[in-house]
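Heads up: the structure comes next, in structure tokens.
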Amino acid sequence: MKVLFLGGPWHNERHEVTPARASAALRSLPLSFTVPLPTERNGEAAEGPPPPRVGGHVTYTRRYARAGGERLPVYVAPNYQGPPRA
Numbered sequence: 019m020k021v022l023f024l025g026g027p028w029h030n031e032r033h034e035v036t037p038a039r040a041s042a043a044l045r046s047l048p049l050s051f052t053v054p055l056p057t058e059r060n061g062e063a064a065e066g067p068p069p070p071r072v073g074g075h076v077t078y079t080r081r082y083a084r085a086g087g088e089r090l091p092v093y094v095a096p097n098y099q100g101p102p103r104a
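Note that this note's numbering has the sequence shown beginning at 19, numbered continuously upward.
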């Protein structure tokens, strides 16, 4: 299920989040979702994926926002200051 992320490295993007149970998808999404921070590269581009920074991550918390009369899940970063929206 595609869920909106607010704040952090995935701000205003929708990403696939797998619910624990397909029959109750909205209620069984994880309470939190951890995303690694993008790595910084110095100089020329290296081959392959960049190595992850140690401890560099953002933990989003699941919240709900109203949109079109529906209550939809969103994941919110700790630093997000904007209005709840879906």
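All residues carry an ideal CB built from backbone N, CA and C; glycine is no exception.
Small disclaimer: the values here were computed from a predicted structure and weren't measured.
Which one of the options has the shortest CA to CA distance from residue i?
i, options, result
"Thr57", "Pro27, Glu88, Pro48", "Pro27"
"Arg84", "Ala95, Leu55, Asn30, Pro102", "Pro102"
"Ala38", "Thr52, Ala104, Arg32, Met19", "Met19"
Output the boundary residues of the beta strand (DSSP E) element that contains residue i.
i, result
"Tyr98", "Taken as a continuous stretch (DSSP letters only), Tyr98 belongs to no beta strand (DSSP E), as it is neither H nor E."
"Thr79", "75-85"
Which residues does DSSP pair with residue i in a beta bridge?
i, result
"Leu24", "Val94"
"His33", "Val21"
Can you tell me which of the three DSSP states residue i falls into?
i, result
"Ser50", "strand"
"Glu88", "strand"
"Ala38", "coil"
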